[in-house]
Amino acid sequence: MSDIFDVIVIGGGPGGYLAAERAAHAGLKTLLFEKRSLGGVCLNEGCIPSKALLNSAKTYDHALHANKYGVSCTGVTIDQKAVITRKAKVVRTLVSGVRAKMKGAGVTVVMEEAHIDGRNGANFTVSAAGKTYEAKNLIIATGSSAAVPPIPGVKENLGNFVLTNREVLELTEIPEKFTVIGGGVIGLEMAAYYATVGSKVTVVEMLDHIAGPTDREISSMLQKDMEAKGITFLLSHKCLSVEAGKVWVESPNGEKLSIAADKVLLSIGRRANCMDLGLENIGVEINRGVPTDIQCRTNIPGVYAIGDVNGHHMLAHTAYREAEVAVNMITGKKDNMRYHANPSVIYTQPEIASVGKTEEECKEKGVDYEVAKLSMLYSGRFVAENEGADGLCKVIIDKKRRNILGVHLIGSYSGEIIWGAAAMIEAQLRVQDAKQIIFPHPTVSEIIRETIWEFKD
Ligand code: NAI
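Per the numbering used here, residue 2 is the first one in the sequence shown, and the count goes up by one each step.
Below, the structure written as structure tokens:
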């Protein structure tokens, strides 16, 4: 006899645990499987622990440069072991918070690896540790793993000399020479951390720019800032091979160079976890992930895929919203994802945050747009708090309709204020509407209002 549920959620990361909580609150009998630790990559080895590390780096950096603010600090050091211990405490606190939430909502949690076996009438059957469970609805939320390319030497040294997002957050010694392969989100955040705490950092990126799809003007400002802090960027460079203590790369003109490295971070993107799950047993289509429509439905009725596994936007906050959409679809409430107003943040110092279209995207898609930009130095709070620094706010609007299409920021608090811009895009606000919003003064957020005032109505 198997246990029968209304919904089975596979994967307890941000998408999965929120889906389980929302489903249980909606009155559905809900089962959540997690094979490692509740909270998934985000909470255990991604978003949260990296923010704990970056905050230690920020505190260290502030203490080192406190004299800029009339404060004297001497004998400032960083204790990497203590940083990692605090990070582990932060993770433990939040994981137990998720566990308590599941309990409070009445979700049945099974800490085992689940496998989809097939169907029993209208139900899907899932097994774990020799037991079978059934439900009419399945939510696949199995996340993603670091992509490991067939570069010679990478697999052999993985977890030891070559690190992924998992191991890089566990280093108790600061490497003297730290090389990053891939100048995307993970690579840049970890480059920023290790450069601040004293490593000699080199970032190898095969494109001619860092930070992937970020507005190009903003990403080149970030690059200049990081270079000023001592980070070397090798753009348009291909990684050829890795051997203990060395990374071989090819320059754009075909020259082979070796970079000495004590540790190498592999951050070249992520792959959806959709294999060995039994999806084929119920006919769910798989390509590079599990394809879904804007209602998070797969090709099989009753099966939803949310978060990194569907590959839309590999971001925890996207997974949160997808979780709500999937549960609403199950309970018969019409809902859908609107991916165009999905913010993203890179937590370097300065941090960058974006939502909506970039200038590059507008050009590529033939959108008739207008742009306004202002230096962060127009914000009183920014000047008061950021001695010698600068930043930028860029707003993009539709030239004819005058609604806001994109907002791109580099500077302090960017990640905390971008949601307001996302709300403007989501609500299709025009310039004349947005101008009427009152922003608190003095805040860095006012820079968005000031920049919008650069446009005619
Ligand atoms: P990514 O896709 O952001 O960046 C990977 C970079 O590696 C790209 O710039 C790519 O051109 C480069 N690359 C690929 N192959 C290469 C090679 N052989 N040699 C040199 N460069 C190469 O991937 P990343 O940084 O691994 O992040 C993975 C995911 O995690 C992303 O989807 C991201 O959204 C998410 N994430 C989000 C965070 C945030 O929101 N702050 C923080 C950390 C991760």
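For each residue, glycine too, the CB sits at the ideal point set by N, CA and C.
Residue i burial status per 10 Å Cβ neighbour count (16 or more: buried)
i: V72; result: exposed
i: Q433; result: exposed
i: S97; result: exposed
i: V408; result: buried
i: S252; result: exposed
i: P441; result: exposed
i: Q429; result: exposed
i: R322; result: buried
i: R339; result: exposed
i: E388; result: exposed
i: D226; result: buried
i: D309; result: buried
i: E281; result: exposed
i: A245; result: exposed
i: S259; result: exposed
Per-residue DSSP class, three states only, for residue i
i: S51; result: helix
i: M278; result: First, the amino acid is wrong: residue 278 is Leu here, not Met. It is coil, neither helix nor strand.
i: L241; result: strand
i: K371; result: Per the sequence shown, the amino acid found at residue 371 is Glu instead of Lys. Looking at E371 - three-state DSSP - the assignment turns out to be strand.
i: I11; result: strand
i: S415; result: helix
i: E113; result: coil
i: A147; result: strand
i: S259; result: strand
i: I269; result: coil
i: I140; result: strand
i: L316; result: coil
i: L172; result: coil
i: E206; result: strand
i: L159; result: strand
i: K264; result: strand
i: T78; result: coil
i: T293; result: coil
i: I152; result: coil
i: D216; result: coil
i: S73; result: coil
Best match in the options for proximity to residue i [C-alpha to C-alpha]
i: N300; options: I307, G308 and V291; result: V291
i: D458; options: P150, N68 and K401; result: K401
i: R100; options: R322, D336, F34 and T319; result: F34
i: V445; options: K335, E352, E323 and D336; result: E352
i: A53; options: N138, L170 and M2; result: L170
i: A192; options: S268, V155 and T173; result: S268
i: L208; options: K201, L223 and F234; result: F234
i: K1; options: K82, A354, R298 and T86; result: Examination of residue 1 is not possible in this model, given that the chain is present from 2 through 458 alone.
i: I295; options: V285, H66, V326 and L266; result: V326
i: F456; options: A115, V384, G392 and Y370; result: Y370
i: V202; options: I182, V91 and V372; result: I182
i: H210; options: A196, V186, Y195 and T197; result: V186
i: V92; options: I49, G16 and L65; result: I49
i: R403; options: A373, I411 and S415; result: A373
i: G14; options: V110, T75, Y61 and V346; result: V110
i: I5; options: D62, E22, G28 and E135; result: E135
i: E256; options: M425, S237 and T86; result: S237
i: G17; options: N311, T60 and V250; result: N311
i: A89; options: T452, N254, P443 and L44; result: L44
i: A306; options: L316, G76, T332 and C275; result: C275
i: Y379; options: S355, G412 and E361; result: G412
i: I85; options: G160, N254, S146 and S51; result: S51
i: I175; options: L393, E157 and D263; result: D263
Cross-strand partners of residue i (DSSP beta bridge)
i: K178; result: K201
i: A129; result: K132
i: I398; result: E371 and I405
i: R167; result: Its beta-bridge partners do not exist; DSSP assigns none.
i: G119; result: T126
i: I439; result: DSSP, once it has assigned bridges, lists no residue as partnering I439.
i: I353; result: I347 and I411
i: T31; result: V8
i: R1; result: Given a span of 2 to 458 for the chain in the structure shown, any question on residue 1 remains unanswerable.
i: E22; result: Answer by DSSP bridge pairing: none, since E22 is not bridged.
i: E251; result: K239 and K257
i: I331; result: Paired residues: none, contrary to the question.
i: R431; result: N404
i: S376; result: L393
i: F234; result: V204
Min CB distance residue i to chain B below 9 Å
i: Y370; result: In summary, chain B is missing from the structure at hand, where a single protein chain is found.
Any non-hydrogen atom of ligand 3 within 8 Å of residue i CB
i: A273; result: Ligands displayed in this structure: ligand 1; ligand 3 is not among them.
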